[in-house]
Structures are given as structure tokens and as C-alpha cells.
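There are 2 protein chains.
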Amino acid sequence: MTAVANLTAMEVEALTDVDGSLNLTDGHARLALSPDQAAIVAALPTMFAEASRRRFPDIEREAHTAFLQAIGQHSAPIGTGRILSCYSSTLATDIVARALPNGSTIAVLHPTFDNIADLFVTRGLSLVPLSEEDHLDQVWPGPPVSGIVLTHPNNPTGLVTPKEHLRALAEHTVRHGQRLIIDASFRGQVRDAQYDTYAVLDEAGADWILIEDTGKLWPTHELKVGLLAYSARTELPIDRAFSESLLSASPVVLLLVTALARNWTEGGYEYSRALVERNRTAVREAIEAVGLRLADPASQISVARIALPDGGPDSSVLYQEMLSHGVHVLPCAPFHWADPQGGLRYIRLSLARPFEAVDTAARTLARSYVELTRATTAPVH
Amino acid sequence: MTAVANLTAMEVEALTDVDGSLNLTDGHARLALSPDQAAIVAALPTMFAEASRRRFPDIEREAHTAFLQAIGQHSAPIGTGRILSCYSSTLATDIVARALPNGSTIAVLHPTFDNIADLFVTRGLSLVPLSEEDHLDQVWPGPPVSGIVLTHPNNPTGLVTPKEHLRALAEHTVRHGQRLIIDASFRGQVRDAQYDTYAVLDEAGADWILIEDTGKLWPTHELKVGLLAYSARTELPIDRAFSESLLSASPVVLLLVTALARNWTEGGYEYSRALVERNRTAVREAIEAVGLRLADPASQISVARIALPDGGPDSSVLYQEMLSHGVHVLPCAPFHWADPQGGLRYIRLSLARPFEAVDTAARTLARSYVELTRATTAPVH
Numbered sequence: 001m002t003a004v005a006n007l008t009a010m011e012v013e014a015l016t017d018v019d020g021s022l023n024l025t026d027g028h029a030r031l032a033l034s035p036d037q038a039a040i041v042a043a044l045p046t047m048f049a050e051a052s053r054r055r056f057p058d059i060e061r062e063a064h065t066a067f068l069q070a071i072g073q074h075s076a077p078i079g080t081g082r083i084l085s086c087y088s089s090t091l092a093t094d095i096v097a098r099a100l101p102n103g104s105t106i107a108v109l110h111p112t113f114d115n116i117a118d119l120f121v122t123r124g125l126s127l128v129p130l131s132e133e134d135h136l137d138q139v140w141p142g143p144p145v146s147g148i149v150l151t152h153p154n155n156p157t158g159l160v161t162p163k164e165h166l167r168a169l170a171e172h173t174v175r176h177g178q179r180l181i182i183d184a185s186f187r188g189q190v191r192d193a194q195y196d197t198y199a200v201l202d203e204a205g206a207d208w209i210l211i212e213d214t215g216k217l218w219p220t221h222e223l224k225v226g227l228l229a230y231s232a233r234t235e236l237p238i239d240r241a242f243s244e245s246l247l248s249a250s251p252v253v254l255l256l257v258t259a260l261a262r263n264w265t266e267g268g269y270e271y272s273r274a275l276v277e278r279n280r281t282a283v284r285e286a287i288e289a290v291g292l293r294l295a296d297p298a299s300q301i302s303v304a305r306i307a308l309p310d311g312g313p314d315s316s317v318l319y320q321e322m323l324s325h326g327v328h329v330l331p332c333a334p335f336h337w338a339d340p341q342g343g344l345r346y347i348r349l350s351l352a353r354p355f356e357a358v359d360t361a362a363r364t365l366a367r368s369y370v371e372l373t374r375a376t377t378a379p380v381h
Numbered sequence: 001m002t003a004v005a006n007l008t009a010m011e012v013e014a015l016t017d018v019d020g021s022l023n024l025t026d027g028h029a030r031l032a033l034s035p036d037q038a039a040i041v042a043a044l045p046t047m048f049a050e051a052s053r054r055r056f057p058d059i060e061r062e063a064h065t066a067f068l069q070a071i072g073q074h075s076a077p078i079g080t081g082r083i084l085s086c087y088s089s090t091l092a093t094d095i096v097a098r099a100l101p102n103g104s105t106i107a108v109l110h111p112t113f114d115n116i117a118d119l120f121v122t123r124g125l126s127l128v129p130l131s132e133e134d135h136l137d138q139v140w141p142g143p144p145v146s147g148i149v150l151t152h153p154n155n156p157t158g159l160v161t162p163k164e165h166l167r168a169l170a171e172h173t174v175r176h177g178q179r180l181i182i183d184a185s186f187r188g189q190v191r192d193a194q195y196d197t198y199a200v201l202d203e204a205g206a207d208w209i210l211i212e213d214t215g216k217l218w219p220t221h222e223l224k225v226g227l228l229a230y231s232a233r234t235e236l237p238i239d240r241a242f243s244e245s246l247l248s249a250s251p252v253v254l255l256l257v258t259a260l261a262r263n264w265t266e267g268g269y270e271y272s273r274a275l276v277e278r279n280r281t282a283v284r285e286a287i288e289a290v291g292l293r294l295a296d297p298a299s300q301i302s303v304a305r306i307a308l309p310d311g312g313p314d315s316s317v318l319y320q321e322m323l324s325h326g327v328h329v330l331p332c333a334p335f336h337w338a339d340p341q342g343g344l345r346y347i348r349l350s351l352a353r354p355f356e357a358v359d360t361a362a363r364t365l366a367r368s369y370v371e372l373t374r375a376t377t378a379p380v381h
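First to last, the protein sequences are chains A and B. Residues in the first sequence are numbered consecutively from 1, following the UniProt record's numbering. Residues in the second sequence are numbered consecutively from 1, following the UniProt record's numbering.
This is the structure in C-alpha cells:
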């Protein structure tokens, strides 16, 4: 085993932990299926047969249509060849990173999931952080920054870039000849982020790349796709990078996505949202009882950050303490990829889990926090 | 759309061709399921439920065991943490390429699937070709080459590296402090390649990396995994590169692989092999009727190269002519990644297709070849 320190490594560790501990690390949906969703999964053999019978381009276009319509993206370039179905949004990001000019400088939202920054760095790009504050204040970098990378909504903070704000940013990138790259992996969970982004970007004349993801919406055991869409203005060798990475996503998975996306517009969204919000409430109540609070009370995505007061135990200590109680969560330092110290006062729990798991984890967190605080402040005899 | 020229791009083009033409490009299995395999696919909803109930590490270990035992790899490091389940063998190769020291020089078998060379080049490595002739003559490079990359069996030639030969190569790499990287994606199709490679490499004391693939064996519509296994001697940051690429493969796919691998040892192998060999015979008979021959008559993998005599139409011309008749195949120049001219006299057909498709394609090839030859040699009036 080699040394690892990124968030996914901690998620892998939690996933492969053999002692039966609770895993609230990754943002993948691990909620129970609704009855309708369960009926869809029961039709998998039929989908398999359908994938054998029908032409791949038809299956793919249908999935793009159903999914993008379900999340409000009515102006997405369906049927133009400019939407590529990847195994995952991570692979889509890596394809973009590979297609960008080597050595170029891009600005990346900060904090955000460390993997996004890592993939760009590993491909030889120079990164500068764009803080959420600067982004909200419309303080965007000009050249030599040639691209701006947003996460929308942001992970872990849940920050949604409002429509008029995105329009201003798009116009900024047009003025400065920059590319705008948006990872919208959590978009499906948040109605506020479901305005027609493609229309806004095209109206501004932007050179845009958008990454969509089905992996955060449904508990489908990694049967998912990441979509990589790009503007007609984009001249990067994205198709080449795609063809170096894969031949095609699975048509069976695309058929599953089609069915789940249709259900998403027929109550599936509200069903999942209610489960997540019930879990968020459980976390809030458990931590407020010991004087802690949610860092992002307005967040609507399926993870929650908890703010830890200055002077008390930090998230790396609390993370270890919770591990010793059999609960995996994520300390937030790695999300602050350009300034890990900045994340020490936050810890993240995934809410896309059965209620009992979230409730137990939140209570464990509260108890651990109290114990650690007492140990720190207890008089020494 | 950007300019593309690799083999996968041609495969994507064939897959997404909307006019209903025949696709004999990619080596992915698109045969009919056997009755036993169909029964396994029918159990997908049960597997989904099982994936929800059981722990991921147990499901993964079971899949590794079933698959690696089914293809004779009894000494693979199951349960050590040194076998990583990736979405595909391509992603496994890219993870290896990322983990290798930047700027190092590796030797790669030649010809072979261009994607292998491309992934290494894109990650900043320097490549030198190792011809099949030199490999067979045991003329292997020493330093500064720090790694040797084999495809076993090779694609498209079907060349199998015999056991004693691999042992000698492993000892060569130990003497020279080199790594040995083997892509065994087609191994499951060929008994001769199923000797226990892990035992041979470990006995020699080699620093090895092995890539296995379930994607070439079963017509499961891209529901597949690539396995990335590495030696205890390997000190590369492979786990880090893996965690940058994905969290985990799908446990549903791993359960499907387990069931299909068990069936592979109970008649599945013979069933698929009979279909492929019937198709190879159809190709041979169709082309021999017009004076052409199989380039690799001893090949046992699910693709066949056809040799084109000097002076006649080359494979790029024949490829275009077949396209005009609605048949997608692969010209072989890109397989000769270090010398594209060297591949002009070969054209490749996938045999993992329904008989009618292969038979039609072979007859189209024969007819196209005759027509092109006549056009070239016809007297001008």
C-alpha cells in the first residue's frame, strides 16, 4: 500500500472497512429505493434485452433527453454529438483536464471536492483558487487564467450560483477569452440549480463545458453515467480524449437512467428530498444539543458540513475519534485544496443514507465532540 | 467535432452510426448469450438486492476469486488489497500510466492496440517499440528502458507469450531493475494464456503489474470490470492514482462477473469459443475464395487479421470501400503505433458477433477486395 491522503482514499477506506462500521463519507446515494424505483430496478433484465435489440445511438439520445429534461436543462445540445456519456463524472472531468492545453492556468472554486483540483493538477495544469466569497462578489480573474471551473451546486457547501450571477460570469469569460467549466454533479438534487444553464451560457456566447452526473441521485450501486457536454465554440480535442478513455457507457445503464429520470419528474425527486431533509434535521438536532451548528443551513445537497468552534477540537481530531467509535465521516481540510488549514473547522457527513445510520452518526459526533472538549479543558491534577 | 484518428474513434463511429450498418470493429463481446448466461442476466434484480444487503469487500473478493480462478490465475494476490476493481481495463491502464515516474522510458509490444501506447504517451512517458519478432527472439531492451509492456495474448495478432518465455522475460526485468506490465485483457478467451502468470512472475522476483478484463468475455453491454493487480514489490503510487479515478466499481457488476465466471468453468468457455471459431472459419473460407488468407491462422482471440498482398489495395482503401457497403471494420495501421505504414497490409474483423454479421462482412470484404483489385489492374482504354 502506498501513502494516500485524498478524500476518495478515505471514502475507499470506509467502503472497504471489514468491521461493519458506519460509512457516511462519500456523497453517493445509498438511500432505500422508493417502491417505484424498486419496480424500475426489477426491470433490469428487460433493459438488458432491450439493449441487445435497439441501436445504441437511440438509447443514448433517449437517456440524454430524459435526464436533462428532468433537471431543467432544456437547451442542452442533445443529438448534436456534443454530449458524451462517460462511466462517471470523475472520468468526464479527467477527459476535460486532458483536453485542456498543457501548462495553462485555470481558476477553480475553493473549497470544493479535492478530486476536481487533483485531476487538473495531475494533467499538468496550474491552478489558482477562486474563493466562494470572491465568486459571490463577482471578483473573477482575468488572463493569464484561461479557464474558470465552478462546482454548481458546490460540494461540500451546497452553494448555488444564481442564474443572473452565472450570466455575469459567462459574460466575463467571453470578455477575457476564457473557458467556463461547470461540474453540476449535484444539480439534480437542487431545484434552485435547475434553471436552464445551457441557455444562459449560449446566450452569453460563452465557450463552455458542462459535466452532469446521475451518480448522486439514485441508489443504483454505481450503475451511473457522467455526461460531458460542450459548446459549439469549444475547439479542444475532447472527442479524442474521450476515445482514449472509453468506447461507450453501458446501454443498460442508460436505459436505467432513462427510467429513473422519468420517475424523478413523477415524485422521485420529492421522495428522495424528503429522506435527505429528514436526515439533515436529525443531524441539526443532534449537534445543536451540544452547541454545534450546521455550517451551511441553507444547503440542499445530500451532505452536511458541521462547523467546529475555534479553540475546540478540530475536524482531524474529531474524525479520528469518530473512527474509533466505528463511524466514517470526512474531515474537510482536503476540500480546501489550496489551504488545508482553512478546512480544519469543518467536518462533513453524507445524508444520502438510511435514517438510522445518519442519526447514529450524528449522535456519535455530538458525543465525541463533548468528550474531546472535556478532555481538552479538564484541569490537570 | 475535433479531428480524431485512433482505433477507438473508429469504433465509436461504428457504434454511433445511425444507418444500421454492420459493426465489426471493437473486440467487445456482442455474441448471443447462452441459455445459462441468459438465466444469470435474468437474476440481475436479485444481484441488485444482494448488493444492497452485503458488504462491498465480500462481494469484491468473491468476484476476484471466481474470475481469476476461472482463468487459471490461482496465485493472484486476492485479499491483499493489491487488486483494484476499475470500470474498465482502459481505466486500469491509465491509472498505471499515471503512477509511473513522469518522463520515464518504457518499451511497448508492437504492433498492439493503439490505445495502450496512447495512454502512456499522454501521461508524459517515452515509448520505444518492442516488435513481436524481438520479443520472440528474447531481444529485450535494458536500461534506460525502465519498464516493459506486453499484451498477452496480443491484440490484434493473438500472439501468446509462452510460460517459459515469460519466465525468461521476468528474469531479464529483475536483472535490469525494470517493471513488467502485462495487459491480459484477452486472456480469458485463450487456454494457452491461462497458465498461472502470477506464480511465474513472483517466482522470478519480478516487479509486476497485471491488468485483467472481464469485458472481452461476455456480451454484457459494458457491464464489466478491469482488474489492476500489482506485486508486493511495486512501490508506485497506484492506490493514489486509483482513488483519483474512482471510488469503486459497481457491486452489481461484480456479482454479475462472479456468476458468469462460475459459468465460464461450467461450459461457458466452450460455448463462446465454438461461436468464435465458427465465425473465424466463415471468414477464412470467404477470403480464401478470392486468394486472401488469415494473417494469424493460429490466433484464438475474438478478432481476425486478414493479410493483403503487396501491390493490391491496402487496408485503408479496403476499409473505405467496405464502409461504402455499410460494413465497419478496422484498418490496422494504428495498431502499428510506431510505424503506421507497417500496418497497411492488414485489416481486422471482430469475430465476437452473430454468425450472420460476420459472414456478411467477410463476403463483403472478399467482394470489395476483388472489385478494388480489378479497378486497379483494369486496362485503360
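The C-beta atom is built at its ideal place from N, Cα and C for all residues, glycine as well.
Can you pull the chain B neighbours of residue 112(A), defined as C-beta to C-beta under 8 Å?
Within chain B, no residue comes near residue 112(A); the closest Cβ sits about 15 Å away, beyond 8 Å.
Take residue 290(A) and list the residues in its own chain whose beta-carbon comes closer than 7 Å to its own, dropping the five residues that flank it on each side.
The beta carbon of residue 290(A) sits closer than 7 Å to the beta carbons of 366, 369, 370 from its chain, once the five residues preceding and following it are set aside; these are given in chain order.
N-terminal and C-terminal residue of the alpha helix (DSSP H) that residue 252(B) is part of:
Element bounds for residue 252(B): 251-263.
In chain order, each beta strand (DSSP E) run of at least 3 residues that lies wholly inside the region 174-210 of chain B:
Listed in chain order, they are 179-183.
Anticipated Cβ contact below 8 Å, residue 385(A) with residue 12(B), distance rounded
Since the first and last residues shown for chain A are 1 and 381, residue 385(A) lies out of range.
Going by alpha carbons, who is nearest to residue 309(B) out of 303(B), 28(B), 288(B), 320(B)?
Comparing alpha carbon positions, the residue from 303(B), 28(B), 288(B), 320(B) closest to residue 309(B) is 288(B).
Count the CB pairs spanning the region 229-236 of chain A and the region 162-172 of chain A that are closer than 8 Å, and state whether there are at least three.
Short answer: they don't touch.
Taking 8 Å as the cut-off, is the beta-carbon of residue 365(A) closer than that to any non-hydrogen atom of the ligand FMN?
No copy of the ligand FMN appears in this structure; indeed no ligand is present at all.
Residues that residue 306(A) bridges to, as DSSP identifies them:
Residue 306(A) pairs with 294(A), 347(A).
So with CB distances below 7 Å, who are the chain B contacts of residue 156(A)?
The CB of residue 156(A) never comes closer than 7 Å to any CB in chain B; the least such distance is about 16 Å.
Can you give the beta carbon distance from residue 31(B) to residue 358(B), rounded, assuming they're within the 8 Å contact cut?
Their Cβ separation, rounded to whole angstroms, is 10 Å, which puts residue 31(B) and residue 358(B) out of contact at 8 Å.
Cα-Cα, which of 164(B), 96(B), 345(B) is closest to residue 147(B)?
Closest by alpha carbon: 96(B).
Please report the residue range of the beta strand (DSSP E) in which residue 228(B) lies.
Secondary structure note for residue 228(B): its beta strand (DSSP E) is the uninterrupted segment 226-230.
Residues in the same chain with beta-carbon distance under 6 Å from residue 107(A), minus the five sequence neighbours each way, listed in chain order, please.
For residue 107(A), where only same-chain residues beyond five positions count, the Cβ hits under 6 Å are 128, 130, 141, 145, 148.
Residue of 242(B), 340(B), 301(B) minimising C-alpha distance to residue 94(A):
Distances from the alpha-carbon of residue 94(A) to those of 242(B), 340(B), 301(B) put 242(B) closest.
Compute the beta-carbon to beta-carbon distance between residue 89(A) and residue 185(A), rounded to the nearest angstrom, for a pair I have assumed lies under 8 Å.
Contact holds; Cβ gap of about 5 Å.
If we define contact as Cβ-Cβ less than 9 Å, is residue 231(B) a contact residue for chain A?
Not an interface residue.
Would you call residue 118(A) buried or exposed, if buried means 16 or more other Cβ atoms sit within 10 Å of its Cβ?
By the neighbour-count rule (16 or more Cβ atoms within 10 Å), residue 118(A) is buried.
Under 8 Å: do the region 250-265 of chain B and the region 32-48 of chain B share three or more Cβ pairs, one atom per stretch?
The way I'd put it, the region 250-265 of chain B does touch the region 32-48 of chain B; three or more beta-carbon pairs between them come closer than 8 Å.
DSSP three-state label for residue 116(A), please.
Residue state, collapsed to three classes: helix.
Residues near residue 305(A) by beta carbon distance below 6 Å, same chain, minus five either side
Sequence-distant Cβ neighbours of residue 305(A) in its own chain, meaning closer than 6 Å and more than five residues away, are 156, 295, 296, 346, 348.
Using C-beta distances below 8 Å, list every residue in its chain close to residue 240(A), excluding the 5 sequence neighbours before and after it, in chain order.
Same-chain partners within the cutoff: 99.
Could you check what DSSP says for residue 387(A) in three-state terms: helix, strand or coil?
Here chain A comprises residues numbered 1 to 381, so residue 387(A) is not present and cannot be evaluated.
Between residue 252(B) and residue 375(A), what straight-line distance do the alpha-carbon atoms span, to the nearest angstrom?
For residue 252(B) and residue 375(A), the gap between their C-alpha atoms comes out near 45 Å.
Residue 135(A) - containing alpha helix (DSSP H), residue span:
132-136 is the extent of the alpha helix (DSSP H) around residue 135(A).
Buried or exposed: which applies to residue 315(B), given that a residue is buried once 16 or more other Cβ atoms fall within 10 Å of its Cβ?
Of the other Cβ atoms in all chains shown, 16 or more fall within 10 Å of the Cβ of residue 315(B); this residue is therefore buried.
Please go through the same chain and pick out, in chain order, the residues whose beta-carbon is closer than 8 Å to the beta-carbon of residue 282(B), but skip the five residues on each side of it.
The residues are 355, 358, 359, 362.
How is the beta strand (DSSP E) around residue 149(B) delimited, first residue to last?
DSSP places residue 149(B) inside the beta strand (DSSP E), whose first and last residues are 145-151.
Boundaries of the beta strand (DSSP E) in which residue 34(A) is found, first to last residue
In the DSSP assignment, residue 34(A) falls outside any beta strand (DSSP E) and carries neither an H nor an E.
From residue 350(A) to residue 300(A), what does the alpha carbon distance come to, in whole angstroms?
Distance between the alpha carbons of residue 350(A) and residue 300(A) is about 12 Å.
Let me know if residue 3(A) comes out buried or exposed under the rule of 16 or more other beta-carbons within 10 Å of its beta-carbon.
Because the pLDDT of residue 3(A) is 41, which lies under 50, any placement of that residue in the model is unreliable, and the number read from its coordinates should be weighed accordingly. Classification of residue 3(A): exposed, given that the 10 Å Cβ count is below 16.
Closest Cα partner of residue 221(B) within the set 270(B), 121(B), 28(B), 162(B):
Looking from the CA of residue 221(B), the closest CA among 270(B), 121(B), 28(B), 162(B) belongs to 28(B).
Find the nearest neighbour of residue 134(A) within the set 153(A), 111(A), 204(A), judged by alpha-carbon distance.
In terms of CA proximity to residue 134(A), 111(A) leads the group 153(A), 111(A), 204(A).
Taking 9 Å as the threshold (beta carbon to beta carbon), is residue 263(A) in contact with chain B?
The beta carbon of residue 263(A) sits no closer than 9 Å to any beta carbon of chain B.
Going along the chain, which residues of its own chain have a beta-carbon closer than 8 Å to the beta-carbon of residue 126(A), five neighbours each way excluded?
Excluding positions up to five away in sequence, the list reads 103, 104, 105, 106.
Under 7 Å, CB to CB, which of the residues in the region 118-142 of chain A have a partner in chain B?
The region 118-142 of chain A vs chain B, Cβ under 7 Å: 118, 119, 122.
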